[in-house]
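Undergrad: The structure's right below; bear with me while I get my questions together.
2 protein chains.
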Amino acid sequence: MSSTREPLTRDRIVDAAVRLIEREGVEAVSMRRLASELGAGTMSLYNHVPNKAVLVDLAAERIMADARPYHVDSDDWRDHIRAHARAVRELARRHPRAFVLLATRRLSSEAGFRTIEAALLNFDRAGFRGRIAVGMMRAMVSYLLGTLMREVATSPELGGIALSQYADVDVSAFPLSAGVIGELATYDHDQEFECGLELLIAGLERYQS
Amino acid sequence: MSSTREPLTRDRIVDAAVRLIEREGVEAVSMRRLASELGAGTMSLYNHVPNKAVLVDLAAERIMADARPYHVDSDDWRDHIRAHARAVRELARRHPRAFVLLATRRLSSEAGFRTIEAALLNFDRAGFRGRIAVGMMRAMVSYLLGTLMREVATSPELGGIALSQYADVDVSAFPLSAGVIGELATYDHDQEFECGLELLIAGLERYQS
DNA sequence: CCCTCCTACGTACGCCGTACGTCGCAGGGA
DNA sequence: TCCCTGCGACGTACGGCGTACGTAGGAGGG
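In order, the protein sequences belong to chains C and H.
Under my numbering, the first residue of the first sequence is numbered 22, with each subsequent residue one higher.
Under my numbering, the first residue of the second sequence is numbered 22, with each subsequent residue one higher.
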């Protein structure tokens, strides 16, 4: 009966939090729920974690650490940047419910630095150094953050958000919008992601010399 | 004594919510607090608003409606795109605590459509039509969303997040990062915004043909 | 054998959103 | 005039939240 139940650990707690976040989203996380899923008393968690906020931070970092190295067979810096961007997107798609967390938080961990270093290497290959490289990288990060936020915030709802959303406004007052209402009402995330990516790369080429 | 106190109204409630959000952020909003600030009983709010979630939605839309028209003296599409982007940024900076709200939500109101229409007009000027224009616009929106999220999420804390964040990781393991650690630790939001903006415009020029 | 310390846990407080029932009042028919 | 009806304001109550605090029990060192 009193079998040595697995003792509480910061790791075990963070793991449970990550699983819960991925299953039901951040808003489902509560100390009571987490504890009961671990078969422990609520307040026992506080022996390993100072409060809920840092627990969520830890979970975010753990998820961030799931960023995987990517591999490309090419000497072209463009291919490296593409691969890096796609890797970030894969991370976001692997953890759609948790991505808002990563986006909100300022990541300071080693995993974050690995990503930064890899990005800087790619920009270095393209001939960008110093503060310029940082600026370009941040523009890229902003784009990724933005598209992926839009993508993961949109996808959990059934694919077609479509026209029902716009039903109550008089579209005819906006002629240009009316002309592309079909495109406005649908999302092809793959294609849109690549489209923006190529746009940024084209800009980079322009600024290269 | 029984002076005709202002009666509760959906408008008055939403106004109070907007003010509270701007003052202390979304997480400070609670039905009890809102009611007490209005000098009303908590449950009275529910006569005008079905629940808290839609109240927050209404507040977000009200803030979105604060987007202001911008004016440019130029025939160059680049200047129009710049002006539009800066206007969005101004909106974000006027409502830093509320911007996450706007970013998260899918805006369906008329105000949203006005913005879309204006953007499409600018891309039309640049020679982009149809699905291509929508793609370019969405890339632009993604960039704006990303930078502004980063900017407003960063600014409320004292300006210098700086090196303390990175203190616990061994930077020497990341040579490129180490070389620009000063730039990584500081943010010049004005300059970074413009930098990314010009990068996108350069990309657009490239795709224009 | 005892003392110390660490961890698990229960209780309690002050918040939260909101379902539900009541009360008072304004306005309209008879 | 009186009464009825409907609506807005409000109190109470329930279940859930984060967490401060006190306690108990067991492991390990003296």
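Backbone N, C-alpha and C define an ideal beta-carbon position, used for all residues, glycine too.
(1) Answer with yes or no whether the minimum CB distance from Tyr228/C to chain H is below 8 angstroms.
(2) Any idea if Ala194/C is buried or exposed, counting beta-carbon neighbours within 10 angstroms, 16 or more meaning buried?
(3) Please compile the residues from chain C whose C-beta is within a distance smaller than 9 angstroms of the C-beta of Leu225/H.
(4) Could you name each continuous alpha helix (DSSP H) segment of 4 residues or more that falls completely within the stretch 36 to 65 of chain H, going from the start of the chain to the end?
(5) Is the Cβ of Glu138/H closer than 8 angstroms to any Cβ of chain C?
(6) Indicate whether Val208/C and Leu220/H have their beta-carbon atoms separated by less than 8 angstroms.
(7) Express the C-alpha separation of Ile84/H and Arg53/H in angstroms, rounding to a whole number.
(8) For Tyr17/C and Gly200/C, what's the separation of their Cα atoms in angstroms?
(9) What separation, rounded to the nearest whole angstrom, lies between the Cα atoms of Ser230/H and Ser65/H?
(10) Ala38/C and Leu76/C look like a contact to me (Cβ under 8 angstroms); what is the Cβ gap, rounded to whole Å?
(11) Please state the DSSP three-state secondary structure of Ser95/C.
(12) Listing by chain order, which chain H residues have their CB less than 9 angstroms from the CB of Gly62/C?
(13) Could you list which residues in chain C have their beta carbon closer than 7 angstroms to that of Met170/H, in chain order?
(14) Using a Cβ-Cβ cut-off of 8 angstroms (strictly less than) and excluding sequence neighbours within five positions of Ser95/H, which residues of its own chain qualify?
(15) Give the secondary structure of Gly148/H by DSSP, where H, G and I count as helix, E and B as strand, and everything else as coil.
(16) How long is the line joining the alpha carbons of Ser163/H and Gly60/C, rounded to whole angstroms?
(17) Any idea what DSSP makes of Leu205/C, helix, strand or coil?
(18) By how many angstroms is the C-alpha of Phe144/C removed from the C-alpha of Arg33/C?
(19) According to DSSP, is Ala88/H helix, strand or coil?
(20) Using a Cβ cut-off of 8 angstroms (strictly closer), state whether Ser51/H contacts chain C.
(21) Give the straight-line distance between the Cα atoms of Gly181/H and Ala113/C, rounded to the nearest whole angstrom.
(22) Quick check on Thr30/H: buried or exposed, where buried means 16 or more other Cβ atoms within 10 Å of its Cβ?
(23) Looking only at C-alpha atoms, which of Leu55/H, Gly133/H, Tyr67/H and Leu165/H sits nearest to Gly217/H?
(24) Determine the closest residue to Ala106/H out of Arg126/H, Ala139/H, Phe134/H and His116/H, with distance taken between C-alpha atoms.
(25) Please report the distance separating the alpha-carbon of Leu225/C from that of Glu204/C.
(26) Whole-angstrom Cβ separation of Met158/H and Leu169/H, contact assumed at under 8 angstroms?
(27) Classify Thr136/C as buried or exposed, calling it buried when 16 or more other Cβ atoms lie within 10 Å of its own Cβ.
(28) What do you reckon, are the CB atoms on Asp110/H and Phe214/H nearer than 8 angstroms?
(29) Are Ala81/C and Leu55/C close, meaning C-beta to C-beta below 8 angstroms?
(30) Please identify the residue among Val93/C, Pro71/C and Pro117/C whose C-alpha is closest to the C-alpha of Glu45/C.
(31) Since Ser198/H contacts Phe134/C with CB under 8 angstroms, what's their CB separation in whole angstroms?
(32) According to DSSP, is Leu29/C part of a helix, a strand, or is it coil?
(33) Nearest-angstrom Cα distance between Val47/H and Leu41/H?
(34) Going by C-alpha distance, which of Ala132/H, Val93/H and Ala86/H is nearest Arg4/H?
(35) Could you give the first and the last residue of the continuous alpha helix (DSSP H) run that contains His210/H?
TA: According to the structure shown:
(1) yes
(2) exposed
(3) Leu220, Ala223 and Gly224
(4) 52 to 58
(5) yes
(6) For the sequence presented, residue 208/C should be read as Tyr rather than Val. No. Outside cutoff.
(7) 22 angstroms
(8) Past the edges of chain C, shown from 22 to 230, lies residue 17/C, and the structure says nothing about it.
(9) 60 angstroms
(10) 6 angstroms
(11) coil
(12) Those within 9 angstroms of Gly62/C in chain H number zero; the least Cβ separation is about 27 angstroms.
(13) Ala124 and Leu166
(14) His101
(15) coil
(16) 43 angstroms
(17) helix
(18) 38 angstroms
(19) coil
(20) no
(21) A caution first: Gly181/H carries a pLDDT of 36, below 50, which makes its placement in the model unreliable, though a value can still be read off. C-alpha separation (whole angstroms): 28 angstroms.
(22) exposed
(23) Leu165/H
(24) Ala139/H
(25) 27 angstroms
(26) Their Cβ separation, rounded to whole angstroms, is 16 angstroms, which puts Met158/H and Leu169/H out of contact at 8 angstroms.
(27) buried
(28) Rather than Asp, the amino acid found at residue 110/H in this sequence is Arg. The answer is yes: Cβ separation under 8 angstroms.
(29) no
(30) Pro117/C
(31) 6 angstroms
(32) coil
(33) 8 angstroms
(34) The structure shown has nothing for residue 4/H, since chain H only spans 22 to 230.
(35) His210 to Gln229
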